[in-house]
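Structure, as structure tokens:
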Amino acid sequence: MESDHDFESLALGIHQEYIELDLFHYGLAVFNESEFEAAGLTKEDRDLLQYMAVQEAGHATLLTNLLGEAAPKQCTYDYPFTTVREYIDFMQKLTRWGESGNWGFLGHMDSREAATLLVQAEAIEARQQAIFRQLLGLHPMPIWFAPGIPQSWHWTLLSQYISSCPENNTRVVWQNFPALHVVNQPNPNRLHANDTEDWELVGNRTGDPSKSTIPSDDSCVNNTETGYSCAPAISHDRVEPLSFPGREVFLTWDEPGLAVGPNNSYTTSTTAGEPRYVAWLGQFNLTYTPLTKTGANSGKTYQPKADTFETDPALNGTAFIALTDSTLYVTPFNLSLINPHVRALGLYQAG
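Below is the structure:
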């Protein structure tokens, strides 16, 4: 490594590879064949998951070799899902922030040699995220450009699922923001994904999957009608999108100062003032909408309508959402300049 920035960025990256390595194996171990088949996934699909776990072993080895003896060791994790559908949903969210987290710092690395190696691994991570969306019955790539996020965004989302790490493990230096929760998060298991009742997630962490245990009449999993099915497929055309511009979105957020991450040894923090806006990141553009507060730690806004290029919605796919105190202008290259203005951070399932 040529700088502390390189080391600290790759130290974060290896935590992502470790959790993916563990997670892909974990689901195959805890869910039996009949549970996978009930979710529409065959032996060949399970073999694909197993192969992706092997890919992660290679990625972790690469980063370990780059970091040397100071490389963080593998930790233990606390997963939020109870069904196969929720397992797949969590993986498509986890691989989104993993891919975006690495894209965010690659262009800033001092070691071009290390960046080149990581790009080659990241190309595979992108394929994995698309596959998990297919297994969930979502469009595999509803964006033209994959967003990059700052390291602190990545660590905020990831650290919530690490329960403990080995003693004397290298400490991660990046900031943990307070959590931002989307109360009416669209549910990809529903025939009408926007008809989510309040808090239709399996828990209260920002990357938690949507509940799959909903009434069968409301579920799209076993529906075979074109436009309404969300069974595993190469792609689906949905009559109703998961979300839409102008959709009213209800939010709650945590106070700073909460213990999070491995061994609860990290603390959430913010330097932002009173939240006034909601920042949306789905591709290149950071788009702001006004926040209407409805309580001390609650509010509402609307999903923005904006295009990256003509016919390409700026907000689509598994996107990022943040509360801010200003509408600071940033570019994809200098997005981290917004960090001092971020009050809370979360995910939004746009499509």
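Every letter in the sequence shown is one number past the one before it in my numbering, and letter 39, counting from 1, is 39. Just so it is clear, CB atoms sit at the ideal spot from N, CA and C, and this is done for glycine as well.
Residue from the options with nearest C-alpha to residue i
i: Phe250; options: Phe90, Lys293, Gly101; result: Lys293
i: Leu281; options: Asn204, Asp198, Pro232, Leu347; result: Leu347
i: Phe81; options: Ala70, Lys93, Ser298, Pro72; result: Lys93
i: Gly98; options: Leu48, Ser152, Thr61; result: Ser152
i: Asp22; options: Ser3, Ala296, Met52; result: Met52
i: Trp103; options: Leu12, Ile321, Asn32, Glu44; result: Leu12
i: Leu352; options: Gln16, Ala344, Glu113; result: A query on residue 352 cannot be resolved here, the shown segment of the chain reaching from 1 to 351 and no further.
i: Thr252; options: His5, Tyr77, Thr206; result: Thr206
i: Val221; options: Asp254, Arg85, Ile131; result: Arg85
i: Gln185; options: His5, Gln349, Phe7, Glu17; result: Gln349
i: Arg276; options: Glu8, Lys300, Gly257; result: Lys300
i: Ser111; options: Ile131, Gly101, Ile143, Glu8; result: Glu8
i: Ala272; options: Pro209, Asn263, Pro256; result: Pro256
i: Asn263; options: Tyr77, Ser210, Ser326; result: Tyr77
i: Val183; options: Asp254, Glu33, Gly58; result: Asp254
i: Leu118; options: Ser159, Trp155, Ala60; result: Ala60
i: Thr116; options: Asp6, Leu345, Asp198, Asn204; result: Asp6
i: Phe132; options: Phe105, Leu41, Gly101, Leu63; result: Leu41
i: Thr83; options: Leu136, Gly351, Phe309; result: Leu136
i: Leu158; options: Asp325, Phe145, Ile19; result: Ile19
i: Val342; options: Ser326, Thr331, Asn297; result: Ser326
i: Gly68; options: Ala296, Leu10, Ala344; result: Leu10
i: Met91; options: Gln134, Ala193, Trp199; result: Gln134
i: Gln128; options: Thr64, Asp45, Phe105, Leu62; result: Asp45
i: Asp89; options: Ala231, Gln50, His108, His154; result: Ala231
i: Ala322; options: Val278, Ala296, Gln160, His139; result: Val278
For residue i, the residue or residues it bridges with in DSSP
i: Lys305; result: Per DSSP, none; premise fails for Lys305.
i: Lys293; result: Gly299
i: Val342; result: Thr324
i: Tyr266; result: Val260
i: Phe250; result: Lys300
i: Asn313; result: According to the sequence provided, residue 313 is Pro. The question's Asn does not apply to it. Its beta-bridge partners are Asp307.
i: Leu347; result: Phe320
i: Leu281; result: Leu286, Phe320
i: Asn32; result: Bridge partners of Asn32: none, in fact.
i: Asn176; result: Thr268
Cβ neighbour criterion (16 or more within 10 Å) applied to residue i
i: Ile14; result: buried
i: Leu191; result: buried
i: Ala29; result: exposed
i: Asn189; result: buried
i: Asp307; result: exposed
i: Tyr329; result: exposed
i: Lys43; result: exposed
i: Ile234; result: exposed
i: Gln120; result: exposed
i: Thr318; result: buried
i: Asn187; result: buried
i: Val54; result: exposed
i: Asp4; result: exposed
i: Glu310; result: exposed
i: Lys211; result: buried
i: Thr331; result: exposed
i: Ala259; result: exposed
i: Thr226; result: exposed
i: Glu33; result: exposed
i: Glu17; result: buried
i: Gly101; result: buried
i: Glu357; result: Any question about residue 357 goes unanswered here, given that the chain covers just 1 to 351.
i: Asp47; result: exposed
i: Thr365; result: For residue 365 there is no data in the structure shown, the boundaries of the chain being 1 and 351.
i: Gly27; result: buried
i: Gly58; result: exposed
TODO: Taking 8 Å as the threshold, find out whether the region 124-135 comes into contact with the region 244-258 through three or more Cβ pairs.
DONE: no
- [ ] Report the residue ranges of all alpha helix (DSSP H) runs contained in full by the region 45-124; include only those spanning at least 4 residues, in chain order.
- [x] 84-106
Task: Segment contact flag, the region 297-314 with the region 268-286, C-beta cutoff 8 Å, min 3 pairs - done: yes
Open item on the list: To test your reading of the DSSP string, which unbroken beta strand (DSSP E) runs of 3 or more residues are found completely within the region 142-168?
Closed with: Listed in chain order, they are 162-164.
Task: Entirely enclosed beta strand (DSSP E) segments - the region 180-227, minimum 3 residues - done: 180-182
TODO: Mind the definition here: the region 159-174 touches the region 231-243 only if three or more C-beta pairs lie below 8 Å; say whether that holds.
DONE: no
- [ ] Check whether the region 160-169 touches the region 66-75, taking contact to mean three or more Cβ pairs, one atom from each stretch, closer than 8 Å.
- [x] Judged by Cβ distances under 8 Å, the region 160-169 makes contact with the region 66-75, as three or more pairs qualify.
TODO: Specify whether the region 198-218 and the region 288-305 touch according to this definition: at least 3 beta carbon pairs, one from each stretch, less than 8 Å apart.
DONE: no
Open item on the list: Would the region 138-151 count as touching the region 329-336 if we require 3 or more Cβ pairs under 8 Å?
Closed with: yes
- [ ] Report yes or no: do the region 175-183 and the region 258-276 share at least 3 C-beta pairs separated by less than 8 Å?
- [x] yes
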